[in-house]
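Novice: Okay, handing you the structure first.
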Amino acid sequence: MNVGLRPRLFLRSLLLQAGFGDERRQGLGFSWIIDPALRAAYRSDAAGLRAARLRHLEAFNTQPCAAGLIVGACAALEGRAAAGDAGAEERARAFKNSIGAALAGSADALFWGALRPLAAATAVFVGIVLYRARAASPLLIAAAAGLLVFNAPALTARWLGVARGLAAGDAAALEACSLPAQAWIRVARATALALALAAGAAALALPEVRAHAALAAAALAFGAAFSRAAGGPLKLVAAAGLLGTAASLVLGWAL
Amino acid sequence: MNPSSVLGGAAALAVLELDAASIGTFLLSRPFVVGPLIGWARGDAWSGAALGAAFEALTLAELPLGGRLDLSACVAAGTAAWLGCGSPGISLPAAFLAGLAAGWIQARVERRLRGTRGALARGAEQALRDGRAPCLGARLAAALSAQAAATFAVCAASLAVGAAVLPSAWAALPEGVRVGASSAFFAAPWIGVGGLAATLGRRA
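In order, the protein sequences belong to chains Z and C.
With this note's numbering as the guide, the letters of the first sequence map in order to residues 135 to 389.
With this note's numbering as the guide, the letters of the second sequence map in order to residues 756 to 959.
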């Protein structure tokens, strides 16, 4: 396998969703990512290259951070198919479709449902703490902390995914399944929850907010109680606006 | 209103917005980054951070599963921060509402774009069947360019209209409506954090 392939696949995997559409989802991006591997594998077989390119233009969807493993494994399987392994071509197609959906379940929960809230909670908490401590450049440090919390594991997963996929082919899926992803998700969610509540408590102590602490606490409880039933917080914010208007008109209340 | 500032702000948001789904994702397009960044560029990073925190809390529990898109958090936070920071006569609650509107419009525009991208893959397939090069990189570049151009157009229009109309429109609103908008802006981050805490607690 081409020695420069791993960094090329990794870098290209960052554009998996550049052509995201309703019809093929990430299919166009995936075909562009894997193209250097296909060209290397089928360098003396133009018909094979064309068939492989058509295979990978099919609809595909997974969590972007989990895509590295699928890209690497499919590249390895296409290499075997080009070398004469009769079953590798079909295994690549089946692997891509089945593992794409399977990995997306855990990876969505980890990266979108746990690490993204953790990153935001970290940024807000760090920002408020540094602001209260009158530290230099609190917003810059806060944003950097949030970005680090998400990007360190996300980029590691992409890089190692490509590497393990290239090395082990479809067997890399078994390695991925053996990872303690559920434990990581639980820890990240619990930490995000603790940091979000700590950030809220720290914000309540700010002089700018303290005067309306009771209102803030009521809004927080309102959000906790009804966000799910309302299908998200936006409708509740609209309701808060209507309540404020009514209170102003009826009671002469002002914020 | 300074046209070069409007165009510069729209261009910055068009580039940052690519991170939301198209390139990365590195979270550079999240409101906790975009709000303070645009606020800093406009001379008031803390107001930008307050607006960013509000939009971050509102959109954080929304998982982008299967390409779901209800509100563009990047465009909402960026538009609000640009309008609310360094624009005389535009209060933060007014900028918050303008940001919500811009983010809502951007989400609809992007949904339309996603509906048209199937043609790019079909074109590549047809090229391969005809024995031509599929030009995959050029097709992805076309998709990225269209995305950035659409975001630029939405942001430039939002910033120009907001800067021109908001100061007088806000002053003309009845007091009760202004109080309602201020209540919504004040409550937004707390409602968002409450919802997020309940979601995380349930899942954890």
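Using N, Cα and C, we set each Cβ at its ideal position, and we do this for glycine too.
In terms of residues, what are the limits of the alpha helix (DSSP H) holding glutamate 974 of chain C?
Specialist: The structure shown does not extend to residue 974 of chain C, since chain C spans only 756 to 959, so no value can be given for it.
Novice: On the three-state DSSP scale, how would you describe glycine 155 of chain Z?
Specialist: The residue labelled residue 155 of chain Z in the question sits at position 21 within the first sequence. Three-state DSSP puts glycine 155 of chain Z in a strand.
Novice: Below 8 Å, can you find three or more Cβ-Cβ pairs linking the region 929-941 of chain C to the region 846-862 of chain C?
Specialist: Yes: the two stretches touch, three or more of their Cβ pairs being nearer than 8 Å.
Novice: Measure from the C-beta of valine 948 of chain C to each C-beta in chain Z and report whether the shortest distance is under 8 Å.
Specialist: Translated into positions along the second sequence, residue 948 of chain C becomes position 193. Yes, contact with chain Z.
Novice: Given that isoleucine 778 of chain C touches chain Z, what residues does it touch there, using C-beta distances under 9 Å?
Specialist: The residue you call residue 778 of chain C lines up with position 23 of the second sequence. Leu148, Leu149, Gln151, Ala152, listed in chain order.
Novice: To the nearest angstrom, report how far apart glycine 206 of chain Z and arginine 225 of chain Z are at their CA atoms.
Specialist: The sequence position of residue 206 of chain Z within the first sequence is 72, counting from 1. The sequence position of residue 225 of chain Z within the first sequence is 91, counting from 1. If you take the alpha carbons of glycine 206 of chain Z and arginine 225 of chain Z, they lie about 14 Å apart.
Novice: Beta-carbon of proline 170 of chain Z versus every beta-carbon of chain C: anything under 8 Å?
Specialist: Working through the first sequence from its first residue, we reach residue 170 of chain Z at position 36. False, the Cβ-Cβ gap to chain C never drops below 8 Å.
Novice: Just the chain C side, please: which residues come within less than 7 Å of leucine 377 of chain Z by C-beta, in chain order?
Specialist: In the first sequence, the residue the question calls residue 377 of chain Z occupies position 243. Within chain C, the residues near leucine 377 of chain Z are Ser938.
Novice: Using three-state DSSP, classify phenylalanine 194 of chain Z as helix, strand or coil.
Specialist: Here residue 194 of chain Z refers to the residue found at position 60 when the first sequence is read from its first residue. Three-state result, phenylalanine 194 of chain Z: strand.
Novice: On a Cα-Cα basis, can you pick out the residue from C:Arg958, C:Leu951, C:Gly931, C:Ala919 that is closest to glycine 839 of chain C?
Specialist: In the second sequence, counting from the first residue as 1, residue 839 of chain C sits at position 84. The shortest C-alpha separation from glycine 839 of chain C is found at C:Ala919.
Novice: Is there at least one Cβ from chain C nearer than 8 Å to alanine 363 of chain Z's Cβ?
Specialist: For the purposes of this step, residue 363 of chain Z is taken as residue 229 along the first sequence, with counting starting at 1. Taking Cβ atoms only, chain C never reaches closer than 8 Å to alanine 363 of chain Z, which makes this a no.
Novice: Kindly indicate which residue of Z:Ile204, Z:Gly153, Z:Ala297, Z:Cys199 has the alpha-carbon position closest to the one of arginine 246 of chain Z.
Specialist: The sequence position of residue 246 of chain Z within the first sequence is 112, counting from 1. Note that residue 246 of chain Z corresponds to tryptophan in the displayed sequence, not to arginine. Checking every option, the nearest Cα to that of tryptophan 246 of chain Z belongs to Z:Cys199.
Novice: Compute the distance between the beta-carbons of alanine 310 of chain Z and leucine 782 of chain C, then report whether it is under 8 Å.
Specialist: As a position in the first sequence, residue 310 of chain Z is number 176, starting the count at 1. As a position in the second sequence, residue 782 of chain C is number 27, starting the count at 1. Contact flag unset, no.
Novice: Let me know if leucine 757 of chain C comes out buried or exposed under the rule of 16 or more other beta-carbons within 10 Å of its beta-carbon.
Specialist: The residue given as residue 757 of chain C occupies position 2 in the second sequence. The amino acid occupying residue 757 of chain C in the given sequence is asparagine; leucine does not appear at that position. Flag for asparagine 757 of chain C reads exposed.
Novice: Can you tell me whether serine 846 of chain C is helix, strand or coil according to DSSP?
Specialist: Here residue 846 of chain C refers to the residue found at position 91 of the second sequence. Coil.
Novice: With glycine 334 of chain Z and glycine 202 of chain Z assumed to form a contact (beta carbons below 8 Å), what rounded beta-carbon distance in angstroms separates them?
Specialist: Numbered from 1 along the first sequence, position 200 holds the residue referred to as residue 334 of chain Z. Numbered from 1 along the first sequence, position 68 holds the residue referred to as residue 202 of chain Z. Rounded, the Cβ-Cβ distance is 35 Å, inconsistent with contact.
Novice: Exposed or buried, which one is arginine 867 of chain C when buried takes at least 16 other CB atoms within 10 Å?
Specialist: Here the question's residue 867 of chain C lines up with position 112 in the second sequence. Exposed, because fewer than 16 other Cβ atoms sit within 10 Å of the Cβ of arginine 867 of chain C.
Novice: Tell me which residues share the same chain as glycine 798 of chain C and place their Cβ nearer than 8 Å to its Cβ, disregarding the 5 neighbours each side in the sequence.
Specialist: Here residue 798 of chain C is taken as the residue at index 43 of the second sequence, counted from 1. Cβ within range, chain order: Cys840, Gly841.
Novice: Please report the distance separating the alpha-carbon of leucine 289 of chain Z from that of glutamate 865 of chain C.
Specialist: On the first sequence, position 155 is the one that residue 289 of chain Z refers to. On the second sequence, position 110 is the one that residue 865 of chain C refers to. When rounded, the distance between both Cα atoms is 26 Å.
Novice: Against chain Z, which members of the region 875-897 of chain C pass a CB distance test of less than 7 Å?
Specialist: Within the region 875-897 of chain C, the qualifying residues are Leu875, Ala876, Ala879, Glu880, Leu883, Pro889, Leu891, Gly892, Arg894, Leu895.
Novice: Is the separation between the beta-carbon of threonine 906 of chain C and that of glutamate 772 of chain C shorter than 8 Å?
Specialist: To locate residue 906 of chain C, count along the second sequence from 1; it is residue 151. To locate residue 772 of chain C, count along the second sequence from 1; it is residue 17. Against a cut-off of 8 Å, the Cβ pair of glutamate 772 of chain C and threonine 906 of chain C comes out as a contact.
Novice: Could you spell out where the alpha helix (DSSP H) holding leucine 773 of chain C opens and where it closes?
Specialist: Taking the first residue of the second sequence as position 1, residue 773 of chain C is located at position 18. 758-776 is the extent of the alpha helix (DSSP H) around leucine 773 of chain C.
Novice: Restricting to Cα atoms, I'd like to know which of C:Phe787, C:Gln861, C:Ala936, C:Ala915 is closest to alanine 901 of chain C.
Specialist: Counting from 1 along the second sequence, the entry for residue 901 of chain C is found at position 146. Answer by Cα proximity: C:Gln861.
Novice: Could you tell me which whole alpha helix (DSSP H) segments of length 4 or greater appear in the region 337-376 of chain Z?
Specialist: Counting whole runs of 4 or more residues, the region 337-376 of chain Z contains the alpha helix (DSSP H) stretches 341-344, 347-364.
Novice: At what residues does the alpha helix (DSSP H) containing cysteine 890 of chain C begin and finish?
Specialist: Position 135 of the second sequence, counted from the start, is the residue given in the question as residue 890 of chain C. That residue, cysteine 890 of chain C, is in no alpha helix (DSSP H); it is neither H nor E in DSSP.
Novice: Anything in chain Z within Cβ reach of alanine 808 of chain C, meaning under 7 Å, just list it in chain order.
Specialist: Residue numbering aside, residue 808 of chain C sits at position 53 when the second sequence is read from its first letter. Near alanine 808 of chain C (Cβ distances below 7 Å), the residues of chain Z are Val258.
Novice: Could you tell me how far apart the beta carbons of glutamate 157 of chain Z and alanine 876 of chain C are, in whole angstroms, since I believe they sit closer than 8 Å?
Specialist: Here residue 157 of chain Z corresponds to residue number 23 of the first sequence, with the count starting at 1. Here residue 876 of chain C corresponds to residue number 121 of the second sequence, with the count starting at 1. Confirmed, about 7 Å.
Novice: Return the residue from the list C:Ile793, C:Gly956, C:Leu891, C:Leu951 that minimises the CA-CA distance to alanine 353 of chain Z.
Specialist: Here residue 353 of chain Z corresponds to residue number 219 of the first sequence, with the count starting at 1. The residue with the shortest Cα to Cα distance from alanine 353 of chain Z is C:Leu951.
Novice: For alanine 853 of chain C, go through chain Z and note every residue whose CB falls closer than 8 Å to its CB, in chain order.
Specialist: One-based indexing of the second sequence puts residue 853 of chain C at position 98. None at all; the shortest Cβ gap to chain Z is about 14 Å.
Novice: Is it buried or exposed for glutamine 197 of chain Z, if we count other Cβ within 10 angstroms and need 16 for buried?
Specialist: On the first sequence, residue 197 of chain Z is found 63 positions in, with the first residue counted as 1. Counting Cβ neighbours within 10 Å, glutamine 197 of chain Z comes out buried, since at least 16 surround it.
Novice: Report the residues of the region 857-869 of chain C with a CB closer than 9 Å to any CB of chain Z, ordered along the chain.
Specialist: The region 857-869 of chain C vs chain Z, Cβ under 9 Å: Arg866, Leu868, Arg869.
Novice: Out of Z:Gln151, Z:Phe164, Z:Gly155, point me to the one whose CA is closest to glycine 779 of chain C's CA.
Specialist: On the second sequence, position 24 is the one that residue 779 of chain C refers to. Checking every option, the nearest Cα to that of glycine 779 of chain C belongs to Z:Gln151.
Novice: Since alanine 388 of chain Z and valine 934 of chain C are thought to touch, with beta carbons under 8 Å apart, how far apart are those beta carbons, to the nearest angstrom?
Specialist: Against the first sequence, residue 388 of chain Z aligns to sequence position 254. Against the second sequence, residue 934 of chain C aligns to sequence position 179. Yes, alanine 388 of chain Z and valine 934 of chain C are in contact; Cβ-Cβ is about 6 Å, under 8 Å.
Novice: For alanine 255 of chain Z and alanine 326 of chain Z, which I take to be in contact (beta-carbon distance under 8 Å), what is that distance rounded to the nearest angstrom?
Specialist: Residue mapping note: residue 255 of chain Z aligns to position 121 of the first sequence, counting from 1. Residue mapping note: residue 326 of chain Z aligns to position 192 of the first sequence, counting from 1. Indeed, because the Cβ distance is near 5 Å, the residues count as touching under 8 Å.
Novice: Please identify, using Cβ separations under 7 Å, the residues of the region 272-294 of chain Z that lie next to chain C, in order along the chain.
Specialist: Under the 7 Å Cβ criterion, the region 272-294 of chain Z contributes Leu273, Ala277, Gly280, Leu281, Phe284, Asn285.
Novice: Which one of C:Leu815, C:Cys829, C:Val761 has the shortest CA to CA distance from glycine 790 of chain C?
Specialist: Residue mapping note: residue 790 of chain C aligns to position 35 of the second sequence, counting from 1. Of C:Leu815, C:Cys829, C:Val761, the residue nearest in Cα terms is C:Cys829.
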